[in-house]
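The next block holds one structure in the form of structure tokens; read it before the comments.
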């Protein structure tokens, strides 16, 4: 008797709680939903992106918002879990009735969110998720601002062809969506361009001791050591490479961990002369790039990397879309998104389709190198702020 | 000798060194759990989180007062000892006395404790990765061996060597403590048969407090030693808890030399497996050995633990 | 018809009519998740609560079920046809269960728990590394077959109800008695002539089957899985145990109560507190384990039984009840 009552009571309470969720009043501001990992393993990036989003919204609203209406972002924490991200987006679309979704950080979460957005025919602007397949599914409502993982390395490929001309390469990558996609692209390039891949192994993130596998790489004597890692693994890999006296013509990262300012602190002198593919540097010649970097640093006390500027630019793209759209319905927003042609602090944004990709922004990528403890752009020459150092001297020969 | 052969010898040598040094640190992590499981027969799934707490204490002392992690051991160990006693006294003992359908409540309690500890850390310290950049973090000792016309260079990480040394020292100290002191003997008696020990006049409640405290202090020491070579974030605990019970089982519950051996076996399995079999399955090797030992050698590798 | 069966049937009918009144997709999503966890909790409960074999590795079965459907679609089957994956996923999960059981049932108590945990982790690593089969860490994604949430809601409601009735029937049969005997004292049961290994295996097969079905449903519903999600130790294995034990192991309603608590609380905390929900969940676990050692349902039952006893005979002192 009492158990049944309890059952029913719980069911009724649940239904009541959720049916009473009020819809956000949209009269005073235009709100867009943004899922982000504010907790969990990727919280660092989520936090940087949130700060960039907030900064962009402030700037846009200070300049009058969107035709007088203020822009607001409803940022929710997905914890980096695709399941939570999809639940959040379901809520955005079903309950809050936001007509457009922006955000997420990791490839897995972006991919999952894209599937949901496509199902409900709501436009979704991918900001950081890099796995190729996010824009290779032929989806009509998914648009991506950042280049796909396979193109991250375009700058590096250019460097290979014109300067390095390596014969052998060892590839170490984190066994995640991002790690797999990016390293796969590198492997395919090498196989097609006569560079022998002596080792290509995925590792579980969070390892303590990489020395065994690094020693194996050392025994194979590759010209290039290429790594795709997030921050801490990147730091440990470089530190332990130095400890093992593992030498190569160059150490190249595939983005992510190797481009964060904390990499310089954590890997200390082991980060010196480390290269990485990157999508953006503060010295890039795009309007607002340097201002974004300086303002962010002044406001938050730390330097943003390309993830931050992606979020910043995405907000500007969003504002532009909202200004140009005929109405605030998903269909009209999608149409406005499709016809975007904007230059942002991150670079030019125009969604095109080629090969298997649809609605993808196509961009140049660059190569960074850590020279005297600072990130310098070293390739392509037109964008370079310093001359590259190649080949890098052996560890024991460095001061 | 050809360079390729020299390279292979160097590889094997380095892999063995890595395995052993890492194994020493693993052993220290496992020692605490072996003691707890041996005496109280409960699986402490918050073991990794206890290590995390110790790591944050070490980090705090280094960042605020520039205290070297090895020195802060003197503070971390007693602090963790007290924390362990508190957890045992106020949380675990009440649950152990309650009658319930499944005796697994204590284990789940430790899951809850682990969640609280890691999320408190998240709240206090955010999810940022922290590190303790001591000056000797990357210090390496090189040993170049000339053989057959080739040079084989092996490198030993200084902080790992220190950690290994301290781990072995603590393991020996614990062994002597259990074997030669009255308290130690009382702990072993309680581990063997709690009721008999109680009948013989041993305050088994106090003994369980001390044991949990000791276990926490040991894993705390491991955390302090791990800080210079690794990094720190609130969710660091999980995988280390898994490694701890693998080591505990390998060594046999409550068997101290066994736990040290278990740690070494795990370290070597990971190192050798990641290079000669597959890097992706590195974490699986420990688990597979774990299950095999459980089935075929229930008393642990040394055959002296309790089944 | 007993009271508990009547209660259950009433609840199911009420729940079945719900989508006719509620069309908010978010609310339906929450209800689907609750029912999914009811299914998971019940499945675990059969092996853990009733047979006393506490498995820390049920994610293995969930993952096998999920990947069965995922691989069916990856190999070219349409998402609509992939619903057959429910059955196939359950069967494959049961098969994996028989292998894991054969290995781990030689061990007792905590050793069984840990060994099945270890093997579940090994399966996760296999899913990550066997990229040709599972796409590795990239995961498998496809647009689910149905657009309406209500369809999924009814399917999971049916699954949860079927598993409830099956487990109830099993527990009332000879099997149920053997399971309880094994839980109470395995050696005693063995000496009474019960082939404990055989019956433990039966319990595991049913438990794994339903867990696999749940995994398969999850794939069909979410449209995206990867090894870290479906083979997850903390998110699936441990949560299954927590849901059941908080609700009350070895009770028929316990898993349902635990599931409701877990899902609604997690979401409420996430929405209202933005973060820190896990912290409160951890505290809640500690509080419930200390004050409700038999889980919510179990402890409440005990207390009411005690109260009824005392009410019936006022002469009996408090110590008896």
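Chains as they are written, first to last, in the working numbering: chain A, 2 to 400; chain B, 2 to 308; chain C, 21 to 341.
Glycine included, every Cβ here is placed at the ideal spot set by N, Cα and C.
Owing to the predicted nature of the structure, the values given are computational and were not obtained by experimental measurement.
Item, Value
"Report yes if the C-beta distance between residue 203 (chain A) and residue 231 (chain A) is below 8 Å; otherwise report no.", "no"
"Ignoring anything shorter than 4 residues, give me the alpha helix (DSSP H) runs that lie fully in the stretch 86-161 of chain C, in order along the chain.", "105-124, 129-149, 151-154"
"Using only CA atoms, which one of A:123, A:156, A:116 lies nearest to residue 137 (chain A)?", "A:116"
"Grab me the residues of residue 396 (chain A)'s own chain with a C-beta within less than 7 Å of its C-beta, minus the 5 sequence neighbours each way, in chain order.", "243, 246, 248"
"Does the structure place the stretch 12-29 of chain B close enough to the stretch 210-217 of chain B that three or more beta carbon pairs sit under 8 Å?", "no"
"Does the ligand NAD have even one heavy atom less than 7 Å from the beta-carbon of residue 71 (chain A)?", "Inclusion of the ligand NAD in the displayed structure is not the case, the ligand content being empty and no account of it being possible."
"Is there at least one Cβ from chain A nearer than 8 Å to residue 195 (chain B)'s Cβ?", "no"
"So with CB distances below 9 Å, who are the chain A contacts of residue 243 (chain C)?", "87, 113, 116, 117, 120"
"By Cβ distance, which residues of its chain are closer than 7 Å to residue 22 (chain A), with the 5 residues on each side in sequence left out?", "Confidence is the limiting factor: at residue 22 (chain A) the pLDDT is only 36, short of 50, which leaves the residue's position unreliable, though a coordinate-based value still follows. So the list reads 96, once near-sequence residues are dropped."
"Have a look at the DSSP bridge pairing and note the partners of residue 78 (chain A).", "A:37"
"Would the beta-carbon of residue 165 (chain B) fall within 8 Å of that of residue 22 (chain B)?", "yes"
"Please report the residue range of the alpha helix (DSSP H) in which residue 149 (chain A) lies.", "Unbroken run through residue 149 (chain A): none, as it is neither H nor E."
"Please state whether the Cβ-Cβ distance between residue 125 (chain A) and residue 102 (chain A) is less than 8 Å.", "yes"
"Can you list, in chain order, the residues of its chain with a C-beta nearer than 7 Å to that of residue 194 (chain B)? Leave out the 5 residues immediately preceding and following it.", "none"
"Ignoring anything shorter than 3 residues, give me the beta strand (DSSP E) runs that lie fully in the stretch 213-297 of chain A, in order along the chain.", "225-229, 251-254, 276-279"
"For the stretch 97-137 of chain B, which segments carrying the alpha helix (DSSP H) assignment without a break, of at least 4 residues, lie completely within its bounds, in sequence order?", "106-126"
"Thinking C-beta only, is residue 42 (chain A) closer than 8 Å to residue 313 (chain A)?", "no"
"For residue 171 (chain C), report the span of its beta strand (DSSP E) as first-last.", "Careful: residue 171 (chain C) lies outside any beta strand (DSSP E), inside the alpha helix (DSSP H) at 169-192."
"Are the CB atoms of residue 106 (chain C) and residue 233 (chain C) within a distance shorter than 8 Å?", "yes"
"Does any residue of chain C have a CB that is nearer than 8 Å to the CB of residue 418 (chain A)?", "In this structure chain A extends from 2 to 400, so residue 418 (chain A) is not present and cannot be described."
"Say whether the stretch 184-191 of chain A touches the stretch 107-122 of chain A, bearing in mind that this needs 3 or more beta-carbon pairs closer than 8 Å, one atom from each stretch.", "no"
"Can you give me, in chain order, the residues of the stretch 139-150 of chain C that have a beta carbon less than 7 Å from any beta carbon in chain B?", "139, 141, 142, 145, 148, 149"
"Is there at least one Cβ from chain B nearer than 8 Å to residue 105 (chain C)'s Cβ?", "no"
"I need the DSSP call for residue 31 (chain A), collapsed to helix, strand or coil.", "strand"
"Closer than 8 Å by beta-carbon distance: list the chain A residues that pair up with residue 67 (chain B), in chain order.", "Correct list: empty, because the minimum Cβ distance to chain A is about 17 Å."
"Going by DSSP, what residues sit across from residue 1 (chain B) in a beta bridge?", "Only positions 2 to 308 of chain B appear in this structure, which leaves residue 1 (chain B) out of reach."
"For a test of the three-state rule: what should DSSP assign to residue 326 (chain C), helix, strand or coil?", "helix"
"Using a threshold of 8 Å, state whether the C-beta atoms of residue 278 (chain A) and residue 366 (chain A) are closer than that.", "yes"
"Mind pulling the beta strand (DSSP E) runs of 3 or more residues that sit fully within the stretch 157-187 of chain A?", "169-175"
"Since residue 159 (chain B) contacts residue 137 (chain B) with CB under 8 Å, what's their CB separation in whole angstroms?", "5 Å"
"For chain B, is any of its Cβ atoms less than 8 Å away from the one on residue 387 (chain A)?", "no"
"Given this structure, state the Cα-to-Cα distance separating residue 331 (chain C) from residue 179 (chain C), to the nearest angstrom.", "40 Å"
"DSSP state of residue 255 (chain B), grouped into three classes?", "coil"
"In whole angstroms, give me the CA-to-CA distance for residue 127 (chain B) and residue 33 (chain C).", "46 Å"
"Across the stretch 37-50 of chain B and the stretch 272-280 of chain B, are there enough close Cβ pairs to call them in contact, namely three or more that are closer than 8 Å?", "no"
"Using the three-state DSSP reduction, which class does residue 214 (chain C) fall into: helix, strand or coil?", "coil"
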